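**Student:** So that we are looking at the same thing, I have put the structure below in structure tokens.
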Amino acid sequence: MNNARIALVTGANQGLGRALAEGLAARLDPADLVLLTGRDPRRVADAAGEVAAAPGTRSRVEGRVLDVAHAENIAALAAELRESHGGVDILISNATTRLLPEHSQSAMADEYIDVANTATHTILRTFGPLLREGGRLLVVASSLGTLGHLPERLHPLFDNATLDQVEYAVESWRAAIHAKTAEEAGWPRWLNIPSKVAQVAAVRAVAAERRERDLATGTLIASVCPGMVDTATSRPWFSDYRQAQTPAEAARAVLDLALTPGVDPEQYGELIRFGEVVPWHSGTPLAEQDLLLTP
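Numbering (my numbering), first residue to last: -9 to 285.
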């Protein structure tokens, strides 16, 4: 069995994902392996080569082409890591689809949901069993992912839900968007609110099933909010960037969570922001204009 640690970051060509891969490569040991993944072969190869050659890099770095919108691609990579390494030690699910305020949210719904939600469900189901003792499985979400950001009538869909129930709720939301009944049903028009709530709910669902075993072995499953990050994906949504972090700055707290030994039971399965738990039931429904000000 290979005892080197295996770390995997999705959506790692640029922005926060690349900063997470760089941070892992700088903080892991020379025998360890960081897999930098993305869906464009050239960009993956270029990014992996640059991270591997960076002065601060200590571990091995390799690129893998992974389009998380396709479940079979996730399954194939999982099978490769099972066969070659026996599992994975750190997985940071970071892939996202860029939304712009001027674009139709409904027209982007399928692509956005496939990458942010369907892929999250697949990663949790596929890589959860491969997570080795003491490992970390972190899903990058947002402070918008707390239940209070949805209208109260939608809360039962996600509160104390199983992963199957979360998936059913997401597909019901998707169907309502296509049927043009989503707003009538109470779903916010802005995709990132239901999507982030569903991501956090999915993590909570899987963590609830594994909690006792994982805490006994120092294994952590959680969702994380990196705060406001100055990237091409987030910049169009904010009117004031004076408090924004660089991707490298935003990656630090996530990396600390991924690499610090031991697990705080109060953090297990929760949404973590800068090392603190964001309460699941917190938040209030937001007006559309508020989204331009919320990290």
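For glycine and all other residues, C-beta sits at the position ideal for the given N, C-alpha and C. These numbers come from a predicted model, not from an experiment.
Looking at the structure shown, is Gln235 part of a helix, part of a strand, or coil, going by DSSP?
**Tutor:** Position 245 of the sequence shown, counting from 1, holds the residue named residue 235. In this structure, DSSP gives Gln235 an extended state, which the three-state scheme calls strand.
**Student:** Which value, in whole angstroms, describes the spacing of the CA atoms of Ala97 and Ile103?
**Tutor:** Counted from its first residue, the sequence shown places residue 97 at position 107. Counted from its first residue, the sequence shown places residue 103 at position 113. Taking the straight line from one Cα to the other gives about 11 angstroms.
**Student:** To the nearest angstrom, report how far apart Tyr258 and Gly77 are at their CA atoms.
**Tutor:** By 1-based counting over the sequence shown, the position of residue 258 is 268. By 1-based counting over the sequence shown, the position of residue 77 is 87. Each residue's alpha carbon lies about 21 angstroms from the other.
**Student:** Starting from Gly125, trace the beta strand (DSSP E) in both directions and tell me its first and last residue.
**Tutor:** To locate residue 125, count along the sequence shown from 1; it is residue 135. Here the beta strand (DSSP E) through Gly125 covers 121 to 130.
**Student:** Look at Ile82 and Val244 and say whether their C-beta atoms are less than 8 angstroms apart.
**Tutor:** As a position in the sequence shown, residue 82 is number 92, starting the count at 1. As a position in the sequence shown, residue 244 is number 254, starting the count at 1. Yes, the pair counts as a contact, with Cβ atoms nearer than the cut-off.
**Student:** Buried or exposed, going by whether 16 or more other CB atoms sit within 10 Å of the CB of Gly233?
**Tutor:** Counting from 1 along the sequence shown, the entry for residue 233 is found at position 243. Reading the sequence as shown, one finds Gln at residue 233 and not Gly. Exposed, since its Cβ has fewer than 16 Cβ neighbours within 10 Å.
**Student:** Using the Cβ count rule (16 or more neighbours within 10 Å means buried), how would you classify Asp79?
**Tutor:** As a first step, residue 79 is located in the sequence shown; it is residue number 89 there, counting from the start. Counting Cβ neighbours within 10 Å, Asp79 comes out buried, since at least 16 surround it.
**Student:** CA-CA distance, Gly7 and Ala85?
**Tutor:** Here residue 7 is taken as the residue at index 17 of the sequence shown, counted from 1. Here residue 85 is taken as the residue at index 95 of the sequence shown, counted from 1. Approximately 8 angstroms, taken between the alpha carbons.
**Student:** Assuming contact is defined by CB atoms lying nearer than 8 angstroms, are Leu210 and Pro255 in contact in what I supplied?
**Tutor:** To locate residue 210, count along the sequence shown from 1; it is residue 220. To locate residue 255, count along the sequence shown from 1; it is residue 265. Cβ distance not < 8 angstroms, so Leu210 and Pro255 don't count as in contact.
**Student:** Name the two residues that bound the continuous alpha helix (DSSP H) containing Glu40.
**Tutor:** The residue labelled residue 40 in the question sits at position 50 within the sequence shown. Segment 31 to 43, the alpha helix (DSSP H) holding Glu40.
**Student:** Closer than 8 angstroms by C-beta to Arg72: which residues in its own chain qualify, once you throw out the five before and the five after it? Chain order, please.
**Tutor:** Counting from 1 along the sequence shown, the entry for residue 72 is found at position 82. Spatial neighbours of Arg72 in its own chain (CB-CB distance under 8 angstroms, excluding positions within 5 residues in sequence) are listed in chain order as Leu120.
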